[in-house]
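K.L.:
Protein chains in written order, with the working numbering: chain F, 3 to 603; chain V, 3 to 603.
Yeah, the Cβ is synthetic: ideal placement off N, Cα and C, and Gly gets one too.
Just so you know, these numbers come straight off a predicted model, no measurement behind them.
2 protein chains.
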Amino acid sequence: MINRFCKMPLWECTKTLADVAQGRTSADVVITGAKLVNVCTAEIQENMDVAISCGRIAYVGQADHCIGDETLVIEANGQYIAPGFLDGHIHVESSMMGAGEYARAVIPHGTVGIYWDPHEICNVLGLEGVKVMMDDAARTPLKAMVTTPSCVPAVPGFEDTGSSVGPKEIAESMTWDGVVGLGEMMNFVGVVNGTDHAHGELAETLKADKVITGHYSIPENDRGLNAYVASGVRCCHESTRAEDALAKMRLGQYAQLRYGSAWHDLPELAHAITDTDIDTRFAHLVSDDTHPHTLVEDGHLDHVLRVAVSCGIPPIQAIQMVTLNVATCFRMDNELGSITPGKCADIVFLDGLDTLNVTRTIIDGDVVAEDGAVLFPLGSYGYPAWVTRSMHLKDEITPDSFAVPVPAEAADEDTVTVRTIEIIPGKVGAFETHVDLPVVNGKLESSLAQDVLKTFVFERHHETGTYGVGFTKGFGIQRGAMASTVAHDAHNLLVVGTNDADMALAANTLIQCGGGMVVVADGEVLGLVELPIAGLMDDLGAEQMSKKVHGLEDAWAQIGCAMPSPFMTMALIPLACLPELRLTNRGLVDCTKFEFVDLFV
Amino acid sequence: MINRFCKMPLWECTKTLADVAQGRTSADVVITGAKLVNVCTAEIQENMDVAISCGRIAYVGQADHCIGDETLVIEANGQYIAPGFLDGHIHVESSMMGAGEYARAVIPHGTVGIYWDPHEICNVLGLEGVKVMMDDAARTPLKAMVTTPSCVPAVPGFEDTGSSVGPKEIAESMTWDGVVGLGEMMNFVGVVNGTDHAHGELAETLKADKVITGHYSIPENDRGLNAYVASGVRCCHESTRAEDALAKMRLGQYAQLRYGSAWHDLPELAHAITDTDIDTRFAHLVSDDTHPHTLVEDGHLDHVLRVAVSCGIPPIQAIQMVTLNVATCFRMDNELGSITPGKCADIVFLDGLDTLNVTRTIIDGDVVAEDGAVLFPLGSYGYPAWVTRSMHLKDEITPDSFAVPVPAEAADEDTVTVRTIEIIPGKVGAFETHVDLPVVNGKLESSLAQDVLKTFVFERHHETGTYGVGFTKGFGIQRGAMASTVAHDAHNLLVVGTNDADMALAANTLIQCGGGMVVVADGEVLGLVELPIAGLMDDLGAEQMSKKVHGLEDAWAQIGCAMPSPFMTMALIPLACLPELRLTNRGLVDCTKFEFVDLFV
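#1: Using a Cβ-Cβ cutoff of less than 6 Å, which residues in the same chain neighbour Val191 (chain F) once the five nearest sequence positions on both sides are dropped?
#2: Residues of the segment 305-317 of chain V with a CB closer than 7 Å to any CB of chain B: list them in chain order, please.
#3: Would you give the residue range spanned by the beta strand (DSSP E) that Val521 (chain V) belongs to?
#4: Any residues in the segment 197-212 of chain F with a beta carbon nearer than 7 Å to a beta carbon of chain V? Which ones, in chain order?
#5: With a Cβ-Cβ cutoff of 8 Å, do Gly428 (chain V) and Pro566 (chain V) count as a contact?
#6: With distance defined between alpha-carbon atoms, name the residue in F:Ser340, F:His93, F:Gly164 nearest to Cys42 (chain F).
#7: For chain V, is any of its Cβ atoms less than 8 Å away from the one on Arg6 (chain F)?
#8: To the nearest angstrom, report how far apart Leu507 (chain V) and Gln258 (chain V) are at their CA atoms.
#9: Confirm, please, whether the CB-CB distance from Ser55 (chain F) to Leu19 (chain F) is below 8 Å.
#10: Are any of the Cβ atoms in chain V nearer than 8 Å to that of Arg611 (chain F)?
#11: What's the gap between the Cα of Ala232 (chain V) and the Cα of Ala23 (chain F)?
#12: Taking 7 Å as the cut-off, is the C-beta of Cys68 (chain F) nearer than that to any heavy atom in the ligand FAD?
#13: If we call anything under 8 Å between Cβ atoms a contact, is Asp162 (chain F) one with Thr468 (chain F)?
#14: Please classify Glu95 (chain F): is it buried, with 16 or more other beta-carbons within 10 angstroms of its beta-carbon, or exposed?
#15: Compare the Cα-Cα distances from Ile349 (chain V) to each of V:Asp356, V:Leu358, V:Ile365, V:Asn79 and report the closest residue.
#16: Closer than 7 Å by C-beta to Gly102 (chain F): which residues in its own chain qualify, once you throw out the five before and the five after it? Chain order, please.
#17: For Thr342 (chain F) and chain V, any beta-carbon pair shorter than 8 Å?
#18: Please say whether Val551 (chain V) and Val531 (chain V) have beta carbons closer to each other than 8 Å?
#19: Can you list, in chain order, the residues of its chain with a C-beta nearer than 6 Å to that of Val213 (chain F)? Leave out the 5 residues immediately preceding and following it.
#20: Would you tell me roughly how many angstroms separate the C-alpha atoms of Met393 (chain V) and Leu512 (chain V), rounded to the nearest one?
#21: How far does the alpha helix (DSSP H) with Ser233 (chain F) in it reach, from first residue to last?
#22: Around the C-beta of Asp397 (chain V), are 16 or more other C-beta atoms found within 10 angstroms, so that it is buried, or is it exposed?
#23: Spatial neighbours of Leu585 (chain F) within its chain, please: C-beta separation below 7 Å, excluding the five flanking residues on both sides.
#24: Please name the residue in F:Thr466, F:Glu461, F:Lys475 whose C-alpha comes closest to that of Gln452 (chain F).
#25: Could you tell me whether the Cβ atoms of Phe113 (chain V) and His302 (chain V) are closer together than 8 Å?
#26: Of all the CB atoms in chain V, is at least one closer than 8 Å to the CB of Glu245 (chain F)?
#27: Measuring only between beta-carbons, confirm whether Tyr469 (chain F) sits less than 8 Å from chain V.
#28: Residue ranges of each beta strand (DSSP E) run of no fewer than 3 residues wholly in the segment 521-577 of chain V, ordered along the chain?
#29: Are the C-beta of Leu259 (chain F) and some C-beta of chain V separated by less than 8 Å?
#30: Quick one, which residues of the segment 221-253 of chain F are near chain V if we go by CB-CB under 9 Å, in chain order?
#31: Along the chain, where does the beta strand (DSSP E) that runs through Thr34 (chain F) open and close?
#32: Hey, does Tyr383 (chain V) have any beta-carbon neighbour from chain F nearer than 8 Å?
#33: Rounded to the nearest angstrom, what separates Glu447 (chain V) and Ala310 (chain V) at their Cα positions?
#34: Does the separation of the CB atoms of Phe351 (chain V) and Thr361 (chain V) fall below 8 Å?
#35: Would Met3 (chain F) count as contacting chain V if we go by Cβ distances under 8 Å?
#36: Does the distance from the C-beta atom of Ile92 (chain F) to that of Asp414 (chain F) stay below 8 Å?
In structure tokens:
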């Protein structure tokens with residue numbers, strides 16, 4: 003596809019680039035004396051210069067002849083330079099920041115481009131919401147390449163969202179300048195079963211000659227995976243076992259090895275590389291979901307690279323997985339992903355291949371970040387008011403809203419058995435577990451002894467008044483309640499808690515502030531992150547967001563939860579495209595069979 | 003770009019493929035029990051089945067569930083299967099056969115697709131001639147993917163051709179269904195010097211989002227090569243030294259390691275792989291020019307693979323170089339180049355990775371060749387009459403036409419020094435050598451003692467009456483003369499010989515038969531290959547053509563030349579885009595400086 007993410011199309015500047023390479027014209031920028039990470043040949047080339055003009059690389063070698071009076075000379079002093087990092091699968095909304103602030107946060111860590119799926123905002127505000135985020139992103143140098151959300155709702159028929167997307171919307175979006183593909187096709191069941199809706203979206207993407215990105219999250223690597231790959235899905239970030247990633251690569255699908263704030267799949271997946279001797283060109287490293295705390299404390303793809311190297315993946319191969327391999331997946335390797343002549347001049351400086359600290363980021367030939375800070379101006383975006391009014395619940399929420407009556411025939415039992423969602427710390431999956439809960443006055447309550455919490459999901463988009471009821475096991479909290487409007491992917495109002503009063507307080511706190519994440523206990527708000535933009539984001543910088551999220555994590559710890567980023571794990575409770583059991587505003591969903599199931603076994 | 007070379011677009015059959023993978027619908031074809039050469043991971047997978055439907059791969063694994071009553075089951079019996087071979091740079095005309103017969107010759111050797119540059123016929127008959135060949139090719143299953151000839155004439159201003167191509171023609175051709183890129187940009191001087199003509203052609207190709215193929219034939223790997231690559235040229239088959247190929251790969255240009263009938267560069271180039279530890283994804287194996295004799299006796303890419311392996315390149319890597327690496331270069335790896343779900347079902351069977359003999363070729367799911375013979379019908383194409391009338395010389399040619407008078411001031415000298423083209427057996431290059439020739443009656447003659455032959459190039463397209471005069475060293479012949487209308491790239495009438503009478507006979511023999519290649523001696527025709535189609539090809543099968551060419555080679559041997567395929571080396575004498583000295587119908591050209599030079603030093 004034509005790359006619309008470089009400063010100048012190549013066809014407008016081939017002559018100038020040739021002039022610079024030959025020394026007839028001075029370069030805009032020359033980098034001198036670098037150790038070049040050559041991702042094409044997987045070598046380190048010592049003492050290399052790079053000359054840049056028109057935002058593109060004109061020459062790689064010994065570039066004295068490209069330097070003129072006006073040329074900016076950057077002395078690498080023996081630092082490494084690598085192609086700018088590309089994240090092949092990312093949701094900006096997980097950072098809880100707008101796209102502009104997200105760019106400000108990741109660019110100093112070497113990220114020059116993201117293939118982003120803005121499906122969180124799309125679930126709440128539709129493609130109009132996506133356009134607002136694209137507009138925000140366009141204020142920054144980050145190459146924010148959109149894959150249009152394919153699964154809005156995530157699993158049609160199982161939840162209520164603020165908007166919906168189908169083949170017609172996909173076809174329309176493929177004509178937009180910033181769209182390079184289809185967002186993660188989470189409806190793998192629809193794909194493997196051949197539904198019109200799913201295949202209609204695939205077809206519109208293929209007709210536009212763009213790339214389909216995937217989400218195949220079950221540990222089945224035979225018929226289902228083959229059907230999924232045969233349908234044109236080119237990459238997938240949902241492997242959690244090394245054998246799954248290996249199976250995908252063998253079938254010619256790019257395996258996107260994930261290391262997000264809460265999904266730490268990479269150490270396991272790295273065995274697909276380190277335990278074998280395979281060609282690794284079909285592997286990526288992706289972050290998927292990164293919260294602001296991680297961006298501030300650890301970084302972005304630089305952090306993922308460090309983890310990869312610590313897992314035994316050789317540094318050059320790891321760097322290929324965030325550069326050339328990603329560009330090739332999106333068939334944009336003619337423009338991105340390597341420090342070679344003609345390509346966009348997207349370059350990162352690294353202090354070493356062991357430390358992998360990014361000291362400088364160049365995008366389209368402009369130095370856009372140095373020593374951790376961006377060098378471009380970025381004011382507040384000013385999200386329009388309609389984007390910040392997204393809490394549309396029908397009924398008032400009170401403690402009584404959280405009553406869970408048992409069926410009449412069980413009212414006299416001592417206990418009843420309920421289907422419970424058992425979370426897995428650090429993973430996106432959740433098990434279905436059966437738990438016996440005591441019946442008290444014909445109703446069920448949370449059981450701290452069994453670490454089982456009452457869980458509600460209230461529809462918040464169209465005042466339908468619908469809600470789902472279930473139980474969750476595994477958070478370890480001992481008091482209070484949590485609520486979140488970040489509740490994938492419909493982003494309805496999710497409430498989990500130990501008692502009805504705190505649950506009502508948590509819910510109402512978010513309704514009042516326009517959405518966010520909150521922890522309460524004993525009638526008091528312990529931690530609150532307001533997310534007024536669609537109930538998903540705020541237009542603050544990463545430092546501020548991180549501080550707020552830290553406060554929230556502290557509040558989680560205060561009430562007894564020791565997990566990393568527990569709010570991210572909680573936010574997946576409604577995500578019906580992940581195994582095994584999930585709760586949406588319409589009820590409990592068996593996500594292996596895709597059918598509603600009763601709370602009571 | 004959208005692939006127009008598969009039986010069915012993927013968007014029309016994703017549902018069917020999913021159905022087959024899941025076992026809901028039977029496959030058209032199932033291959034069972036194969037050793038799969040997995041080019042994605044560079045592994046051999048034992049005992050694999052492949053299910054095919056709609057011309058595409060639906061499933062890879064254990065495919066019993068895909069077999070129905072109507073399914074064609076092909077038992078591999080432990081043979082290897084690999085993706086069908088793709089030749090990233092090829093001129094069909096070098097085979098001296100029409101495109102249909104060429105397809106018939108190469109498909110049994112595992113070739114399923116060619117990226118061909120029909121610049122020979124284009125030089126003679128223009129893009130209308132190209133269309134005729136495309137029409138011929140379309141009768142066969144071969145994926146004949148055209149790169150539009152970019153350099154017609156090869157080096158503007160230095161020769162006269164039958165037609166010319168510029169940016170306007172390139173832009174027009176990019177809208178044709180069968181065109182996937184720009185043919186080899188031999189005018190690398192124009193590219194590195196920034197001429198409008200060359201850069202205009204590059205721009206039109208880039209605007210159409212297609213791939214520019216290259217030809218950078220000088221041993222300069224610094225400023226010039228950088229300028230060339232920066233201008234968007236994605237591959238190059240003209241490396242003759244390992245360091246050149248390595249330099250190209252390091253700059254992100256695909257190095258196409260060549261092994262044609264007469265250009266045996268691969269053994270030297272293989273050192274770029276075998277002496278290093280580089281990632282080889284930027285390497286291809288290509289044939290460039292293969293004559294019918296080679297196709298019949300040795301094969302096509304299967305033969306090149308065998309040579310590559312004999313040079314120490316591991317078989318799986320070598321196979322990647324004629325499959326996935328080629329498809330990726332042309333940004334068609336989503337459709338071609340691997341045996342993975344969704345891709346075109348282009349598959350070859352190999353009896354072993356040491357022998358690399360192709361026993362069966364499948365294209366788009368159809369078995370199109372088995373045990374050396376094609377299984378599709380192919381009659382005579384019936385080239386239109388205008389294509390077979392291409393000998394348009396102005397003046398009658400007689401022995402007197404070949405007189406070479408010395409300048410008046412040298413008429414009394416014993417000898418004069420002449421610039422002589424010294425050929426290099428097995429290479430496309432030629433040196434400039436200075437030779438002292440005796441002056442006899444104020445004229446020069448060939449010198450058998452010094453192995454130096456009189457050489458003439460007569461314009462044959464537009465009756466201009468122009469001709470060039472020079473001398474060639476190195477063929478070793480002792481009597482007679484040769485002539486050829488295959489005389490790159492203008493394909494004027496080239497005559498080389500020991501004496502004027504035989505030279506006239508050779509020339510007139512070709513004028514009478516509509517073009518071809520001939521060897522004469524002592525007033526007798528010893529060998530003749532008639533090539534009535536544009537003076538370049540005949541519509542015969544490879545066996546017949548091979549026999550005729552064998553006869554010609556025998557004739558060369560009779561008059562004293564022991565080189566392999568000397569007629570192919572001779573045919574490059576006029577090719578002004580190759581170093582160092584060449585002779586066109588306009589005169590001697592210094593091909594390092596691109597200027598005409600005098601015969602006399």
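P.N.:
In terms of the structure at hand:
#1: One-based indexing of the first sequence puts residue 191 (chain F) at position 189. Phe596, listed in sequence order.
#2: Protein chains F and V are contained in the structure displayed, whereas chain B is not.
#3: Your numbering for residue 521 (chain V) matches position 519 in the second sequence. First-last of the beta strand (DSSP E) with Val521 (chain V): 518-523.
#4: His201, Leu204, Ala205, Leu208, Lys209, Asp211
#5: The residue given as residue 428 (chain V) occupies position 426 in the second sequence. The residue given as residue 566 (chain V) occupies position 564 in the second sequence. Yes; because the gap between Cβ atoms is below 8 Å, this pair is in contact.
#6: Position 40 of the first sequence, counted from the start, is the residue given in the question as residue 42 (chain F). Comparing Cα positions, the closest option is F:Ser340.
#7: Residue mapping note: residue 6 (chain F) aligns to position 4 of the first sequence, counting from 1. Chain V, which has no Cβ nearer than 8 Å to the Cβ of Arg6 (chain F), makes this no.
#8: Here residue 507 (chain V) corresponds to residue number 505 of the second sequence, with the count starting at 1. Here residue 258 (chain V) corresponds to residue number 256 of the second sequence, with the count starting at 1. If I take the Cα positions, the gap works out to 40 Å.
#9: For the purposes of this step, residue 19 (chain F) is identified with residue 17 of the first sequence, where counting begins at 1. For the purposes of this step, residue 55 (chain F) is identified with residue 53 of the first sequence, where counting begins at 1. The answer is yes: Cβ separation under 8 Å.
#10: A question about residue 611 (chain F) goes unanswered here, because the residues of chain F that appear run from 3 up to 603.
#11: Residue 232 (chain V) sits at position 230 when you count from the first residue of the second sequence. Residue 23 (chain F) sits at position 21 when you count from the first residue of the first sequence. Approximately 8 Å between the Cα atoms of the pair.
#12: This structure lacks the ligand FAD; in fact it carries no ligand of any kind.
#13: Numbered from 1 along the first sequence, position 160 holds the residue referred to as residue 162 (chain F). Numbered from 1 along the first sequence, position 466 holds the residue referred to as residue 468 (chain F). Yes; because the gap between Cβ atoms is below 8 Å, this pair is in contact.
#14: On the first sequence, residue 95 (chain F) is found 93 positions in, with the first residue counted as 1. It counts as buried.
#15: Numbered from its first residue, the second sequence carries residue 349 (chain V) at position 347. Ranking the options by Cα distance to Ile349 (chain V), first place goes to V:Ile365.
#16: Counting from 1 along the first sequence, the entry for residue 102 (chain F) is found at position 100. Taken in chain order, the residues that qualify are Asp138, Ala139, Arg141, Thr142, Leu380, Tyr383.
#17: Locating residue 342 (chain F) in the first sequence gives position 340, where the first residue counts as 1. Yes, Thr342 (chain F) counts as interfacial toward chain V.
#18: In the second sequence, the residue the question calls residue 531 (chain V) occupies position 529. In the second sequence, the residue the question calls residue 551 (chain V) occupies position 549. Cβ distance < 8 Å, so Val531 (chain V) and Val551 (chain V) count as in contact.
#19: For the purposes of this step, residue 213 (chain F) is taken as the residue at position 211 of the first sequence. So the qualifying residues of the chain are Gly183, Arg236, Phe332.
#20: Translated into positions along the second sequence, residue 393 (chain V) becomes position 391. Translated into positions along the second sequence, residue 512 (chain V) becomes position 510. So the two alpha carbons sit approximately 9 Å from each other.
#21: Taking the first residue of the first sequence as position 1, residue 233 (chain F) is located at position 231. Unbroken run through Ser233 (chain F): none, as it is neither H nor E.
#22: Taking the first residue of the second sequence as 1, we reach residue 397 (chain V) at position 395. With fewer than 16 other Cβ atoms within 10 Å, it is exposed.
#23: Here residue 585 (chain F) refers to the residue found at position 583 of the first sequence. Taken in chain order, the residues that qualify are Ile423, Thr457, Val459, Gly470, Gly472, Ile575, Pro576.
#24: Indexing the first sequence from 1 puts residue 452 (chain F) at position 450. The shortest Cα separation from Gln452 (chain F) among F:Thr466, F:Glu461, F:Lys475 belongs to F:Lys475.
#25: Position 111 of the second sequence, counting from 1, holds the residue named residue 113 (chain V). Position 300 of the second sequence, counting from 1, holds the residue named residue 302 (chain V). This sequence places Thr at residue 113 (chain V); Phe is not what is there. Taking 8 Å as the Cβ cut-off, Thr113 (chain V) and His302 (chain V) qualify as a contacting pair.
#26: Translated into the one-based positions of the first sequence, residue 245 (chain F) becomes position 243. No, Glu245 (chain F) lies away from the interface with chain V (no Cβ there is under 8 Å from its Cβ).
#27: By 1-based counting over the first sequence, the position of residue 469 (chain F) is 467. Tyr469 (chain F) does not count as touching chain V.
#28: 526-532
#29: Working through the first sequence from its first residue, we reach residue 259 (chain F) at position 257. Taking Cβ atoms only, chain V never reaches closer than 8 Å to Leu259 (chain F), which makes this a no.
#30: Asn223, Asp224, Arg225, Gly226, Leu227, Asn228, Ala229, Tyr230, Val231, Ala232, Ser233, Gly234, Val235, Arg236, Leu248, Met251, Arg252, Leu253
#31: Here residue 34 (chain F) refers to the residue found at position 32 of the first sequence. From DSSP, the beta strand (DSSP E) with Thr34 (chain F) extends over 31-40.
#32: In the second sequence, residue 383 (chain V) corresponds to position 381, counting from 1. Judged by the 8 Å Cβ criterion, Tyr383 (chain V) is not in contact with chain F.
#33: Translated into the one-based positions of the second sequence, residue 447 (chain V) becomes position 445. Translated into the one-based positions of the second sequence, residue 310 (chain V) becomes position 308. Each residue's alpha carbon lies about 43 Å from the other.
#34: Here residue 351 (chain V) corresponds to residue number 349 of the second sequence, with the count starting at 1. Here residue 361 (chain V) corresponds to residue number 359 of the second sequence, with the count starting at 1. Cβ atoms of Phe351 (chain V) and Thr361 (chain V): closer than 8 Å.
#35: Translated into positions along the first sequence, residue 3 (chain F) becomes position 1. So, interface residue.
#36: By 1-based counting over the first sequence, the position of residue 92 (chain F) is 90. By 1-based counting over the first sequence, the position of residue 414 (chain F) is 412. No, the Cβ-Cβ distance between Ile92 (chain F) and Asp414 (chain F) is not below 8 Å.
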